[in-house]
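Colleague: Residue numbers for the sequence shown follow the numbering used here, beginning at 146 and rising by one.
Ideal placement from N, C-alpha and C gives every residue a C-beta, glycine not left out.
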Amino acid sequence: MSLVNIEKLTKNYLQGDVEVPALRGIDLTLEEGEFAALVGPSGSGKTTLLNHVGGLDRATSGRLEVNGHNLMQMGESSLANYRLHNIGFVFQAYNLVPVLSAVENVEFIMVLQGQPAAQARQQALTYLERVGLSEYAHRRPKALSGGQQQRVAVARALAAGPRIVLADEPTANLDTENALALLDLMRGLNREEGVTFLFSTHDNRVVERAARVIELQDGVVASIREGAGRG
């Protein structure tokens with residue numbers, strides 16, 4: 146069974162009394178272990194689709210199943226539990242908790258999952274080491290560079306064992322050196338651990354590393370092609 150199955154997915158937003166379509170019948174399948182990029186102009190539906198896969202938004206109609214979960218039939222409590230145990234998020238703005246240290250930010254999701262505190266701490270330290278930030282484990286976000294904060298966000302997304310990581314413009318605030326280092330890190334984790342990644346991006350640096358490139362236009366899938374990162 147595929148990890149993500151989407152059929153005829155639509156999403157309409159109300160602007161005043163007018164319904165404005167954001168997704169117009171998306172058909173898409175993602176397999177386990179993919180490293181895929183959603184591309185297209187602003188307003189094409191990339192972030193909207195990412196938010197639906199992550200259970201952050203509700204579709205108007207269609208079929209949306211992720212890891213065997215039918216998101217169209219889930220209530221708010223079930224969606225929250227789905228996000229907690231299945232999805233890792235990496236956002237453009239990092240979204241770290243400013244009063245928590247790097248290691249506390251990474252272990253936070255695992256604590257919510259109910260893991261013992263000592264086990265969560267060890268797992269958090271392991272992933273900070275994997276992203277090259279062991280020596281910064283006890284620094285708060287304001288004491289870290291943008292590239293370092295984004296690596297903490299990646300460690301947080303992966304440490305809790307998600308089935309898929311959703312990354313919304315993760316390189317947008319990074320210079321070339323930090324962006325390439327982050328992408329190589331995520332590609333390496335994808336290959337070594339088989340974690341599925343789905344990006345929303347305008348960044349050619351992401352597209353060049355993607356194994357599959359999904360182009361959206363006006364809320365529909367315009368094309369799907371193999372990327373240079375395949376193999």
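Buried or exposed for G200, going by 16 or more other Cβ atoms inside 10 Å?
Modeller: As a first step, residue 200 is located in the sequence shown; it is residue number 55 there, counting from the start. That one is buried.
Colleague: If V310 and G233 are in contact, beta carbons under 8 Å, what's the gap, nearest whole angstrom?
Modeller: Indexing the sequence shown from 1 puts residue 310 at position 165. Indexing the sequence shown from 1 puts residue 233 at position 88. Right, their Cβ atoms sit about 4 Å apart.
Colleague: Just to confirm my understanding: we take S147, look at its own chain, exclude 5 residues before and 5 after, and list those with CB closer than 6 Å. What are they?
Modeller: On the sequence shown, position 2 is the one that residue 147 refers to. Excluding positions up to five away in sequence, the list reads T174 and E176.
Colleague: Using the Cα positions of A302 and V235, report the straight-line distance between them to the nearest angstrom.
Modeller: The count along the sequence shown starts at 1 and reaches residue 302 at position 157. The count along the sequence shown starts at 1 and reaches residue 235 at position 90. The straight-line gap from Cα to Cα measures roughly 7 Å.
Colleague: Looking at C-alpha atoms only, which residue of E371, R370, V366 and G220 is the closest neighbour of K153?
Modeller: Stepping through the sequence shown from its first residue, residue 153 is reached at position 8. Ranking the options by Cα distance to K153, first place goes to V366.
Colleague: Using the rule of at least 16 other Cβ atoms within 10 Å of the residue's Cβ for burial, across every protein chain shown, is L278 buried or exposed?
Modeller: Counted from its first residue, the sequence shown places residue 278 at position 133. Counting Cβ neighbours within 10 Å, L278 comes out buried, since at least 16 surround it.
Colleague: Given a cut-off of 8 Å, decide if R285 and L380 are closer than it, judged by their beta-carbon atoms.
Modeller: It is not possible to answer for residue 380, since the shown part of the chain is limited to 146 through 376.
Colleague: Taking the alpha-carbon positions, what's the T341 to G178 distance?
Modeller: Reading the sequence shown from its first residue, position 196 is the one you call residue 341. Reading the sequence shown from its first residue, position 33 is the one you call residue 178. Their backbone Cα atoms lie some 4 Å apart in a straight line.
Colleague: Assuming E252 is part of the alpha helix (DSSP H), what are its boundary residues?
Modeller: The residue you call residue 252 lines up with position 107 of the sequence shown. Element bounds for E252: A247 to Q258.
Colleague: Going by DSSP, what residue range makes up the beta strand (DSSP E) through E164?
Modeller: Here residue 164 refers to the residue found at position 19 of the sequence shown. Residues V163 to L175.
Colleague: On the premise that Q237 lies in contact with A288, defined as a C-beta separation below 8 Å, what is that separation, rounded to the nearest angstrom?
Modeller: As a first step, residue 288 is located in the sequence shown; it is residue number 143 there, counting from the start. As a first step, residue 237 is located in the sequence shown; it is residue number 92 there, counting from the start. About 21 Å separates the two Cβ atoms, so there is no contact after all.
Colleague: The alpha helix (DSSP H) that contains Y227, what's its start and end?
Modeller: The count along the sequence shown starts at 1 and reaches residue 227 at position 82. Its alpha helix (DSSP H) spans residues E221 to N231.
Colleague: Can you look up G207 in the DSSP assignment and give me helix, strand or coil?
Modeller: By 1-based counting over the sequence shown, the position of residue 207 is 62. Reduced to three states, the DSSP call for G207 is strand.
Colleague: Can you tell me the Cα-Cα spacing of R296 and T192, whole angstroms?
Modeller: For the purposes of this step, residue 296 is taken as the residue at position 151 of the sequence shown. For the purposes of this step, residue 192 is taken as the residue at position 47 of the sequence shown. Their Cα atoms are separated by approximately 21 Å.
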